[in-house]
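So for the sequence shown, the UniProt record's numbering puts the first residue at 1; every next one is plus one. Worksheet: the structure to be examined is printed underneath.
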Amino acid sequence: MANSFKCEIVSAEEAIFSGDIEQLVASGMMGDLGILPGHAPLLTELQPGPIRVIHDGGEEENFYVSGGFLEVQPDVVTILADAASRAGDLDEAAAEEARQHALKAFNEKSSELDYTRAAAELAEAVAQLRTIQQLRKKAGKG
Numbered sequence: 001m002a003n004s005f006k007c008e009i010v011s012a013e014e015a016i017f018s019g020d021i022e023q024l025v026a027s028g029m030m031g032d033l034g035i036l037p038g039h040a041p042l043l044t045e046l047q048p049g050p051i052r053v054i055h056d057g058g059e060e061e062n063f064y065v066s067g068g069f070l071e072v073q074p075d076v077v078t079i080l081a082d083a084a085s086r087a088g089d090l091d092e093a094a095a096e097e098a099r100q101h102a103l104k105a106f107n108e109k110s111s112e113l114d115y116t117r118a119a120a121e122l123a124e125a126v127a128q129l130r131t132i133q134q135l136r137k138k139a140g141k142g
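Next up, the structure:
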């Protein structure tokens, strides 16, 4: 069995990452999901949150997805995300502003659609902030 597999992370706008990795950890709808070489085929929905990619040699790279799907095939894992970025590119001030805006909209809902949209925006902003905090903690700045 190989010690690595191909991983592709693609957003609606662009390919974010493509390469061989040893391990991947993603936020699935039922909790965190770890993928190693030889994992059984799988298709699952992702919730907004971090994607951790562990390269050969243990080097870790972090990404953020706003939701999407993860597909595991014998030699490749593909993440199709609504929006994705390298976690280091996230803007904490913008995420906090989005969280505040979503909270305000959540509290001032005028229809079920507004409530649903505000809840989705709030979940995404909180997931971005959580990703930033996890990176900061790993870097010893938390």
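For glycine and all other residues, C-beta sits at the position ideal for the given N, C-alpha and C. The structure displayed is predicted, hence computed values, not measured ones.
Selected residue, minimal CA-CA separation from E97, among I21, D56, L129: Looking up residue 97 in the sequence shown gives position 97. The residue with the shortest Cα to Cα distance from E97 is L129.
Hey, would you say A81 sits closer than 8 Å to V10, going by beta carbons? Position 81 of the sequence shown, counting from 1, holds the residue named residue 81. Position 10 of the sequence shown, counting from 1, holds the residue named residue 10. In this structure, V10 lies closer than 8 Å to A81 by Cβ.
For L43, which beta-bridge partners are listed by DSSP? Numbered from 1 along the sequence shown, position 43 holds the residue referred to as residue 43. Per DSSP, E71.
Through-space distance from E59 to S66, alpha-carbon basis: Counted from its first residue, the sequence shown places residue 66 at position 66. Counted from its first residue, the sequence shown places residue 59 at position 59. Distance between the alpha carbons of S66 and E59 is about 24 Å.
For the putative contact between L36 and Q47, defined by C-beta atoms under 8 Å, what is the C-beta separation to the nearest angstrom? Counted from its first residue, the sequence shown places residue 36 at position 36. Counted from its first residue, the sequence shown places residue 47 at position 47. That belief does not hold up - the Cβ atoms of L36 and Q47 are roughly 21 Å apart, past 8 Å.
Could you tell me the alpha carbon to alpha carbon distance between P74 and E108, rounded to whole angstroms? Taking the sequence shown and counting its residues from 1, one reaches residue 74 at position 74. Taking the sequence shown and counting its residues from 1, one reaches residue 108 at position 108. The straight-line gap from Cα to Cα measures roughly 48 Å.
Is L80 helix, strand or coil by DSSP? As a position in the sequence shown, residue 80 is number 80, starting the count at 1. The answer is strand: DSSP assigns L80 an E or B state.
When you compare the CB positions of A84 and Y64, do they come within less than 8 Å of one another, or not? Here residue 84 refers to the residue found at position 84 when the sequence shown is read from its first residue. Here residue 64 refers to the residue found at position 64 when the sequence shown is read from its first residue. In contact: A84 and Y64 (Cβ atoms closer than 8 Å).
Please return the same chain residues whose Cβ sits closer than 6 Å to the Cβ of V76, not counting the five positions on each side in sequence. Taking the first residue of the sequence shown as 1, we reach residue 76 at position 76. So the list reads K6, once near-sequence residues are dropped.
Within the continuous beta strand (DSSP E) that includes E61, where are the two ends? Counting from 1 along the sequence shown, the entry for residue 61 is found at position 61. Here the beta strand (DSSP E) through E61 covers 60 to 65.
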